[in-house]
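Undergrad: Handing you this structure, nothing more for now.
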Amino acid sequence: MRKMGDDCCDMRGFLGFLILFLLSKKAMHGQELADELAKRKGEKPSPGTIYPAIKGLKEAGFLEEQKEGKTITYSLSPQGKNALRIAKRRFTRTFLGVFP
Numbered sequence: 413m414r415k416m417g418d419d420c421c422d423m424r425g426f427l428g429f430l431i432l433f434l435l436s437k438k439a440m441h442g443q444e445l446a447d448e449l450a451k452r453k454g455e456k457p458s459p460g461t462i463y464p465a466i467k468g469l470k471e472a473g474f475l476e477e478q479k480e481g482k483t484i485t486y487s488l489s490p491q492g493k494n495a496l497r498i499a500k501r502r503f504t505r506t507f508l509g510v511f512p
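The sequence shown runs 413 to 512 under the working numbering.
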């Protein structure tokens, strides 16, 4: 069993949601996503965490990619925009009233 330490809530379940949210603001490559996630969470996700999440979102049809040399830039597909819209509604309904 994983030890919680000072952090009661494991944020891994929110990673897909956060990636979709960040990409709704602008297209980004993996390193940019990792940097933005680090700003929000306080620690940078490892490549072994972020790239499988990106792969899963891509396989679900939520992301599109554009290759420029070795760099792959990700953006939301129309299905990704719809998935984010649905996720925001569910998130709001679930956590409504949690924060004052």
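The C-beta atom is built at its ideal place from N, Cα and C for all residues, glycine as well.
Because the structure is a prediction, the values reported are computed rather than measured.
Among the residues of its own chain, which have a CB less than 7 Å from the CB of residue 416, if the five just before and after it don't count?
TA: As a working mapping, residue 416 is identified with position 4 in the sequence shown. With a pLDDT of 49 at residue 416, under the threshold of 50, the modelled position of that residue is not reliable, and no figure is offered here.
Undergrad: Within the same chain, show all residues whose beta-carbon is closer than 7 Å to that of residue 489, passing over the 5 residues directly before and after it, in chain order.
TA: For the purposes of this step, residue 489 is taken as the residue at position 77 of the sequence shown. The residues are 473, 474, 475, 476.
Undergrad: Of all the beta strand (DSSP E) runs that stay within the bounds of the stretch 474 to 507, which reach a length of 3 or more residues?
TA: 475 to 480, 483 to 488
Undergrad: Compare the beta carbon distance of residue 531 and residue 469 with 8 Å and say whether it is the shorter of the two.
TA: Lying outside 413 to 512, the shown extent of the chain, residue 531 is not represented and no answer is given.
Undergrad: In terms of alpha-carbon separation, which member of 483, 427, 500 lies closest to residue 443?
TA: Against the sequence shown, residue 443 aligns to sequence position 31. Comparing Cα positions, the closest option is 483.
Undergrad: Would you mind working out which of 509, 508, 492 sits nearest residue 428, comparing C-alpha positions?
TA: For the purposes of this step, residue 428 is taken as the residue at position 16 of the sequence shown. Of the listed residues, the one whose Cα sits closest to residue 428 is 492.
Undergrad: If I measure Cβ to Cβ from residue 496 and keep anything under 6 Å in the same chain, skipping five residues before and after, which residues do I get?
TA: By one-based count along the sequence shown, residue 496 stands at place 84. Same-chain partners within the cutoff: 432, 436.
Undergrad: Quick one: residues in its chain with C-beta nearer than 7 Å to the C-beta of residue 445, no 5 flanking neighbours on either side, listed in chain order?
TA: In the sequence shown, the residue the question calls residue 445 occupies position 33. These residues qualify, in order along the chain: 431, 434, 462.
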